[in-house]
Amino acid sequence: GNDRLATMRFLFLLLLPFLVDAGPWRSSNPMGGPRLPLVIAKDFNSRSISSLSSSIPTFHGGASRKYSPRGGSTMPSDGEDEAIIHQVEEMQDLGSEKEVSIAENVTAAASSVASTEVIHKDHDDNTQLEKAHHSHVSKKRRRRKKEKLDGPHAMYAKKLKNRNHTNIRRKVMHACFGLGFGCLNYFIPRSKFVPGMTVLTSATLLMELLRYRRGFGWMNDALHWVLGASLRKHEMEGKFTGSFYFFFGVTVTAALYPKTCASMGMWQLALADPSASYFGRQTRHVYWSRIENGLWGFGRNKGVLGFLGGALFCFPFNYRVLSIAKFGRVNGIPGGQSALILSSLALGLAGAFADLAVPTPALTMPKKVFGVPVPPFHVDDNFVVPIVSGFACTKVFSYLGWPGDLRLAKYILF
Numbered sequence: 520g521n522d523r524l525a526t527m528r529f530l531f532l533l534l535l536p537f538l539v540d541a542g543p544w545r546s547s548n549p550m551g552g553p554r555l556p557l558v559i560a561k562d563f564n565s566r567s568i569s570s571l572s573s574s575i576p577t578f579h580g581g582a583s584r585k586y587s588p589r590g591g592s593t594m595p596s597d598g599e600d601e602a603i604i605h606q607v608e609e610m611q612d613l614g615s616e617k618e619v620s621i622a623e624n625v626t627a628a629a630s631s632v633a634s635t636e637v638i639h640k641d642h643d644d645n646t647q648l649e650k651a652h653h654s655h656v657s658k659k660r661r662r663r664k665k666e667k668l669d670g671p672h673a674m675y676a677k678k679l680k681n682r683n684h685t686n687i688r689r690k691v692m693h694a695c696f697g698l699g700f701g702c703l704n705y706f707i708p709r710s711k712f713v714p715g716m717t718v719l720t721s722a723t724l725l726m727e728l729l730r731y732r733r734g735f736g737w738m739n740d741a742l743h744w745v746l747g748a749s750l751r752k753h754e755m756e757g758k759f760t761g762s763f764y765f766f767f768g769v770t771v772t773a774a775l776y777p778k779t780c781a782s783m784g785m786w787q788l789a790l791a792d793p794s795a796s797y798f799g800r801q802t803r804h805v806y807w808s809r810i811e812n813g814l815w816g817f818g819r820n821k822g823v824l825g826f827l828g829g830a831l832f833c834f835p836f837n838y839r840v841l842s843i844a845k846f847g848r849v850n851g852i853p854g855g856q857s858a859l860i861l862s863s864l865a866l867g868l869a870g871a872f873a874d875l876a877v878p879t880p881a882l883t884m885p886k887k888v889f890g891v892p893v894p895p896f897h898v899d900d901n902f903v904v905p906i907v908s909g910f911a912c913t914k915v916f917s918y919l920g921w922p923g924d925l926r927l928a929k930y931i932l933f
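For what it's worth, the numbering used here labels the leading residue of the sequence shown as 520, then goes sequentially.
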């Protein structure tokens, strides 16, 4: 009976961690299983199970008795049992205090980490603002330095419009120069006009080659002062102006064809080129008339309605000039009125067709040929139109039986 009671008391002490709050007795290992109180664990370490079971106190009839079981050791009294229980309660209180202390430490650490993160975040924000400010300032400095090195043409380019803008002033100036050079070619002897145009073309080419170099920015100032808003954006971004190609085309036309045919070619340049551009710009929303990619670049980004508009715009001028020309015959114009209408319309179509053939953007030479840098030449309508129109005029006059050196009226139009 005594052994049974001792065994029950032993089991009770073993189950005690599961019956009360076992927080302070939990193991710190990852398995998280409970462990015995310190006293019992000590007993397990120092004695065998049989000696431990014999050391557990028993209560019988409310009195404390001491036994001497098989192990020979005496069992604890009631006072010793109460001491064990008191020790267990002290350990529970100590564990609770440790939990509170750990919780406080964790809270303090979390607060410290949060405050540190806020400080680091504010520091990072200030650093980013400083970097953005320095980056903006450095960009402005680099831009100013680049503009200073590039010269005034970079500043002028920002103020000018690109070729997609309808520049009426440029078109009017283009027409005036074309009509003027056509008249000069007709009235000035070829022996003087062609050399003069050669000098002008060469001087313009020299200006184009030098004005982007350091120390020659004054040329861009002068060019912008003379032409102003008539210039296009790309003509101040490293490309040649249309003036060089205009003078070059006039020179070649005057040198290749008879005086009257050459002048007619220049007048087609003066009228067909700007009018075709204007009508094409006004009818760009008509989808079916647009030539997107063209045929190997032919007519790229141009329109059929612009081509027809340019041809018809030239017709009244051509008709007037040819109708009062001096054919040297009493019976009037060879071929009659139909020949006059045919020639006037054919010349207009030739000039507009030459303008249509030049793609947009223009074909540009590579920067280097066989490793040698070359100027930024490109195919320009100011060069193509007068040459093609002058050639067409010689063929039309030959077809109609008109002389190539047909004499025009004294003042061209009257």
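Each residue gets a CB set at the ideal place from its N, CA and C atoms; glycine is no exception.
By the criterion of at least three beta-carbon pairs nearer than 8 Å, the stretch 789-798 is in contact with the stretch 821-838. Distance check between Pro905 and each of Leu648, Asn704, Asp924 and Leu861 places Asn704 closest, using alpha-carbon atoms only.
Of the candidates Pro880, Ser749, Lys752 and Phe700, the residue whose Cα lies closest to the Cα of Glu811 is Pro880. Between Ser710 and Ala722, the alpha-carbon positions lie close to 19 Å from each other. Taken through DSSP and simplified to helix, strand or coil, Phe759 comes out as coil. Considered as a whole, the stretch 759-826 harbours 761-775 and 778-801 as its complete alpha helix (DSSP H) runs of no fewer than 4 residues, in chain order. Rounded to the nearest whole angstrom, the CA to CA distance from Tyr806 to Thr913 is 36 Å. Assignment of Val891 by DSSP, reduced to helix, strand and coil, places it in the strand class.
Looking at the DSSP output, Arg926 shares a beta bridge with Lys845. Here Val915 is buried, its C-beta having at least 16 other C-beta atoms within 10 Å.
Excluding five sequence positions before and after Ile852, the CB atoms of its chain that fall closer than 7 Å to its own CB belong to Phe846, Ala858 and Leu859, given in chain order. Beta-bridge analysis with DSSP links His897 to Thr883. Straight-line measurement puts the Cα of Gln856 at about 35 Å from the Cα of Asp899.
Contact annotation, Phe765 with Phe696: C-beta distance approximately 7 Å; criterion of less than 8 Å satisfied.
Taking all protein chains in view, the Cβ of Phe706 is surrounded by fewer than 16 other Cβ atoms within 10 Å, so the residue is classified as exposed. With a cut-off of 8 Å on Cβ pairs, the stretch 783-790 is in contact with the stretch 859-879, counting three or more such pairs. Assigned with DSSP and collapsed to three states, Ile707 falls in coil, not helix or strand.
The C-alpha of His693 lies about 31 Å from the C-alpha of Pro892.
Ser862 counts as buried, since at least 16 other C-beta atoms from the protein chains shown sit within 10 angstroms of its C-beta. Rounded to the nearest whole angstrom, the CA to CA distance from Trp737 to Leu919 is 52 Å. Taking every protein chain shown into account, the CB of Arg733 has fewer than 16 other CB atoms within 10 angstroms, so this residue is exposed. Rounded to the nearest whole angstrom, the CA to CA distance from Gly923 to Tyr675 is 45 Å. Taken atom to atom, the span from the alpha-carbon of Phe763 to that of Leu724 is near 6 Å. Between the C-alpha atoms of Ser917 and Phe836 there is a straight-line separation of about 21 Å. Following the DSSP letters along the chain, one finds His743 inside the alpha helix (DSSP H) bounded by residues Gly736 to Leu746. Looking at Cys702, Lys821 and Ser654, the one whose alpha-carbon comes closest to that of Ala928 is Cys702. If you ignore the 5 residues before and after Pro885, its C-beta comes within less than 8 Å of the C-beta of Val893, all in its own chain and listed in chain order. By the 16-neighbour rule on beta-carbons within 10 angstroms, Trp744 is exposed. Residue pairing by DSSP places Ile931 opposite Ala928 in a beta bridge.
Take Leu679, set aside five residues on each side of it, and the residues of its chain with a beta-carbon closer than 8 Å to its own are Ala748, Leu750, Arg751, Lys752, Glu754 and Met755, in chain order. The Cβ-Cβ distance between Ala781 and Gly909 falls below 8 Å. Under the three-state reduction of DSSP output, Ile687 falls in the helix class. By the Cβ-count criterion, Thr646 is exposed, with fewer than 16 other Cβ atoms from all chains shown falling within 10 Å of its own Cβ. Of Met716, Leu729, Gly822 and Lys758, the smallest CA-CA separation from Val771 is found for Met716. In this chain, the alpha helix (DSSP H) harbouring Ile860 covers Gly855 to Ala876. Counting the other Cβ atoms within 10 Å of the Cβ of Tyr776 gives 16 or more, which makes it buried.
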